[in-house]
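Inspection log for the structure reproduced underneath, given as structure tokens.
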DNA sequence: CTGTATCCATGGCGATACTG
DNA sequence: CAGTATCGCCATGGATACAG
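Residue numbers (the working numbering), protein chains in the order written: chain A, 6 to 229; chain B, 6 to 229.
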């Protein structure tokens, strides 16, 4: 399987990018992960051996730069790699428009909470430390309760009760919260349908949709 | 290998598109091929069994529309599939900028002549039937000689002497002609370096670069 | 924390031939 | 023209354990 045997640029690109997991690793790098275990968190179902191999391949291809400082290994995208943002964005936009269905196996509370943490609008939150509690129905107990703590311009997510006073709680299914985050479903719609229950002071209840962010692809217009 | 187990749109898109050959099939469909054997010509190294399988997968995914009219089977892209043009173009643009090196195995005279035929600027050619002969150095004899015949607004490529009077000839290596077509190398540069020899009346010699087209990606600016 | 080493099963895919 | 049928390999990648 030595490539496609074509000089076509698309074929040459796919020789590198059609390998399983490769594009997802690039996506993680584009989103800012630089260390091996950061990357692992973004592709949890990928074995470390394979991640290592992919990083080597990408490095050899000139897409990734591996460096060591203070005994810490970092992976960053080269200028070449950074330009893959165009490809990844095109893929994401197409996908969000045309691949709406998610299987149960696609849902993952860890990934979702991590993504939510990464996209919350910190500046919209109160100055003082604020904690939001999540309860995800129909998820294994260990992964069903989450706390989002925003304090001093910093957001943290816990899968255990941090013990802070909770400003508000969100109760919904993993699927609904995922769809909201992806932009497949609006907060409005979910609230009206009672697919999600928000509790707490009315001020907080009103604000929550503006506090929690969404995928950058959420605003891509969907086909009629 | 049941997908990536992620709700991320990029992951969902790649579940479909990271399968070997799939994107190349889409590329062929985008470029206008509609019949099974048309598609085969664009991906000659792909087995018919696998092409069939990919077309089925793409059809199930809603990317391709299969239809039969007059006992003839046609494959076309659905609206969903047509929007993959954004992805394919992003891939091509990135590739042409960053993946310049071509292995010997990437070169293919059939594909190249077919692509040249598809991209020539017919309107730039003389009204009367005009034939150009190609001689590709270092290629197996059977695939080293080609004739391009433009007549009545129609271009044809032959791997045998059609017997028409030849207006001009191009002699070069397969690699050089490929690089010119991709836009990696300019006609100017190739002529100055004597990497390509054009013979015939001076008027024809001057015109040939404008008659023969280039890949649509040829104009993508290359990194400094 | 950042990987490597090893092992094994699976099935993807290539090759070839054949059919209505 | 438009595929199916069959076969078998080997490489991919999943799993697990372990190391510097």
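A virtual CB, placed ideally from N, CA and C, is assigned to each residue, including glycine.
All values derive from a computational prediction rather than experimental measurement.
Top-ranked residue by Cα proximity to residue 29 (chain B), from B:89, B:131, B:224, B:220: B:89
C-alpha distance - residue 24 (chain B) paired with residue 170 (chain A), whole-angstrom precision: 49 Å
Close Cβ partners of residue 1 (chain A) (< 7 Å) along its chain, the five nearest in sequence each way excluded: The displayed coordinates of chain A run from 6 to 229. Any statement about residue 1 (chain A) would go beyond what the structure contains.
Within 8 Å, strictly: CB atoms of residue 15 (chain A) and residue 32 (chain B): yes
Beta-carbon neighbours of residue 11 (chain A), restricted to chain B and to distances below 7 Å: 111, 113, 116
Minimum Cβ-Cβ distance from residue 221 (chain B) to chain A less than 8 Å: no
8 Å contact criterion, which residue 154 (chain B) and residue 118 (chain B) should meet: CB distance rounded: Not a contact, Cβ separation roughly 12 Å.
Any chain B beta carbon closer than 8 Å to residue 85 (chain A): yes
Residue ranges of each beta strand (DSSP E) within the segment 166-194 of chain A, 3 or longer: 173-178
Contact set between residue 16 (chain B) and chain A, taken where Cβ atoms lie within less than 7 Å: 29
Extent of the continuous alpha helix (DSSP H) run through residue 41 (chain A): 41-47
Three-state secondary structure assigned by DSSP to residue 73 (chain A): strand
Top-ranked residue by Cα proximity to residue 8 (chain A), from B:42, B:93, B:82, B:111: B:111
Any 3 or more C-beta pairs closer than 8 Å across the segment 132-142 of chain A and the segment 89-106 of chain A: no
Segments assigned beta strand (DSSP E), at least 3 residues, entirely inside the segment 57-112 of chain A: 69-74, 77-82
CB contact below 8 Å: residue 227 (chain A) versus chain B: no
Where residue 228 (chain A) falls, given that 16 or more other Cβ within 10 Å makes a residue buried: exposed
Residue range of the beta strand (DSSP E) that includes residue 21 (chain A): First-last for residue 21 (chain A): 14-22, but that is the alpha helix (DSSP H), not the beta strand (DSSP E).
Proximity test, Cβ basis, 8 Å: residue 50 (chain A) and chain B: yes
Chain-ordered chain A contacts of residue 5 (chain B) [CB-CB under 9 Å]: This structure cannot settle anything about residue 5 (chain B), because the visible part of chain B is limited to 6 through 229.
Residue 208 (chain A) burial status per 10 Å Cβ neighbour count (16 or more: buried): exposed
Whether residue 187 (chain A) touches residue 149 (chain A) by CB criterion (8 Å): no
Residues bridged to residue 202 (chain A) [DSSP beta-bridge criterion]: A:176
Short CB-CB distance (under 8 Å) between residue 200 (chain B) and chain A: no
Where the segment 184-198 of chain A meets chain B: residues whose CB sits under 9 Å from a CB there: 184, 186, 187
Beta-carbon spacing of residue 34 (chain B), residue 69 (chain B) below 8 Å: yes
Residues near residue 21 (chain A) by beta carbon distance below 6 Å, same chain, minus five either side: 66
Interface partners of residue 25 (chain A) on chain B, CB under 7 Å: 23
Continuous beta strand (DSSP E) stretch holding residue 142 (chain B): start and end: 135-142
Per-residue DSSP class, three states only, for residue 153 (chain A): strand
beta-carbon residue 199 (chain B) near the ligand SAM non-hydrogen atom, thresh 7 Å: This structure simply doesn't include the ligand SAM, nor any ligand for that matter.
Proximity test, Cβ basis, 8 Å: residue 157 (chain B) and chain A: no
Three-state class that DSSP yields for residue 161 (chain B) in the structure shown: strand
Cβ neighbours of residue 97 (chain B) in the same chain (closer than 6 Å, five flanking residues each side left out): 222
Simplified DSSP state of residue 216 (chain A), which is helix, strand or coil: helix
C-beta atoms of residue 127 (chain A) and residue 158 (chain A) nearer than 8 Å: yes
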